[in-house]
Each structure stands twice: as C-alpha cells, then as structure tokens.
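Chemist: Residue numbers (full-length UniProt numbering): 1 to 311.
Every residue, glycine too, gets a C-beta built ideally from N, C-alpha and C.
(1) Where does residue 281 sit, in a helix, a strand or coil, going by DSSP?
(2) Tell me the DSSP secondary structure of residue 208 in three-state form.
(3) Could you spell out the range, first to last residue, of the alpha helix (DSSP H) harbouring residue 109?
(4) Excluding the 5 residues flanking residue 88 on each side, which residues of the same chain have their C-beta closer than 6 angstroms to its C-beta?
(5) By the DSSP assignment, the alpha helix (DSSP H) with residue 144 in it spans what residues?
(6) Count the other CB atoms within 10 Å of the CB of residue 273; is the residue buried (16 or more) or exposed (fewer)?
(7) Tell me the rounded alpha-carbon separation between residue 8 and residue 112.
(8) What does the Cβ neighbour count give for residue 53, buried or exposed, with the cut at 16 atoms within 10 Å?
(9) Which partner residues of residue 171 appear in the DSSP bridge assignment?
(10) Here's the rule: buried if 16 or more other CB atoms are within 10 angstroms of the residue's CB, otherwise exposed. What is residue 137?
(11) Whose CA, out of 96, 59 and 97, lies closest to the CA of residue 82?
(12) Around the Cβ of residue 142, are there at least 16 other Cβ atoms within 10 angstroms (buried) or fewer (exposed)?
(13) When the distance is taken between beta carbons, is residue 35 closer than 8 angstroms to residue 28?
(14) When you compare the CB positions of residue 57 and residue 11, do they come within less than 8 angstroms of one another, or not?
(15) So the candidates are 283, 24, 276 and 244; which of them puts its Cα closest to the Cα of residue 264?
(16) When you compare the region 222-239 with the region 115-127, are there three or more beta-carbon pairs, one atom per stretch, that lie closer than 8 angstroms?
(17) For the alpha helix (DSSP H) holding residue 15, just list the boundary residues, first then last.
(18) Taking 8 angstroms as the threshold (C-beta atoms), are residue 192 and residue 172 in contact?
(19) From residue 277 to residue 227, what does the alpha carbon distance come to, in whole angstroms?
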C-alpha cells in the first residue's frame, strides 16, 4: 500500500516545480510583453503537469485509502478519463516541443522543411489546439469501453466485508490499441524522428567545427546540445512511463504492493518532467541559482548579526 505521505510529497514537489515554471515565464512575459514559442509550450506543459499531478494524487489516494469511494458512481471513470486526457495531451506537447527544437537546430535540404522553419510559430498553436481536442476525444470513449468486475466472498448469511472485495478492470482491447496508437505511439514516433535528425545534424556541425573555423559558435553549440539532451531525457521519461503502464495492464492491478510501486513512478513523472524543463531553460536555471544564493545569505545573516556567543 502506498503511504499517504508519499502521495502528498509527490504532489507538493510536482506542483511547486511546475508553479516555478509558470512564475518565471509569466514574469518574463510581463517584462517583455512577448513570449518565445518554446516558453509558450513550457507554460502549457506546466499547467498540464499541475493538473495531472493533482489528478494522479486524487486517484492514488482514493485507490489506496478509499477504494470503495473510487468505484462508487462515476468516480473511477471520471478520474480515468481526466488522467488519460492529460497524459495523452502531455505526450503530444512533448512531441511538439521536440519538433520546435528540430526546426531550430537541424539543417534542411528540402523546401518543405525550410517553409516549416519559417512558419512554425504560426502553425504550432493550431497543432497544440488540435492535440488537446484529439486527446480529449480519444479519452472520453474510455467510459463506454471499460468495466470493473467485483468479486465478493460471502460467509453464510453475513453481509459482505469490503476488505474481501476484489476488483478487476477490463478495457476493450480494440479501443486500447487505437487510443494507445493515437495518444502515445504516434507522438512518440514524431519525437523520435525529430531527435534522430537533430542528433545527426549536431554531429555534422561538430565535425565541421573540428575541421574548419566556420560553423556554429560555442555558445550556440552548447545551447543546441542542451536542447538535444532535453529531448533525450523527455523521451526516456515517457518510455519509462509506457513500460510502467504496460506492466500495469498485464497484471490488472491485482497486487496492491506492485501497483503501489507503479503508482509512485507515475506520480513522480510530472515532477521529473518539470525538472527536465527547468534544466533546459537558462532563465529558470538562473532563477534557481539566485534563489539558492538568497537562501544561503539568509542562513548566514543571523550568525553574522549576533556574532559569536560567549559564555
């Protein structure tokens, strides 16, 4: 069984880190009155992660502490649809972030990609909107394609003990395949293609710099390497999430100890996701460095003011 303290810790960590992403970007927006496309995607990701963290926290709390309440009325389907929608939308946002990095870093020989590079800021908001509507559309049918079987053990004429009730989730396999392809596999392949082409372009740039004095300047090269690292970390994060969900589907949540481990991994995803986004942004790294310096100064100030204590 997953301790309530772990759920609360993951909830506070995930919400706090994603709130920092929102605060830094909104502060930048307030100063310059404009936001780069990458920052706009970060804001949407931060909002989605906060909602996902809260939804996962609620679902885990009900599952481990108030199981009968979760399966009462529309509680289970509501949580499942909300979590599924947010997860699918987050995966699509990751794909579009990788596509944005791809258009900024990679070199192209085809006119279509050159046109895409010049118009990405106009196309991207429309793609994000379509992704949100599409993710919601493939999540809602979960209501009609899932059912929970309840197996109760009776002891004579006594009433059923809730602790002796076993619940098994069944989801229509055809719906599962369609939803997994549209919500997970397709955007994951887009991210992989963008990452592969970006890494190949970076490798060619590095080789060109080694053999000639022309090419990318070191600061730009470092920024591009950081972007490629961010894409790789995001793909690894979602790959681990996919593996956890597949294992859950295979075991049908039959073992609560095993389910607790998987739920803990799922709960940590929004927080880890925000950490990856923070390390990718120069202004967010500067914000954390400045905050850490302020905390250190505040910690040292009382000792300097009072001076050494004498007996």
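Modeler: Looking at the atomic coordinates:
(1) coil
(2) helix
(3) Premise fails: residue 109 is in no alpha helix (DSSP H) and is neither H nor E.
(4) 135 and 183
(5) No alpha helix (DSSP H) contains residue 144, which DSSP labels as neither H nor E.
(6) buried
(7) 48 angstroms
(8) buried
(9) 146
(10) exposed
(11) 59
(12) buried
(13) yes
(14) yes
(15) 244
(16) no
(17) 4-32
(18) no
(19) 10 angstroms
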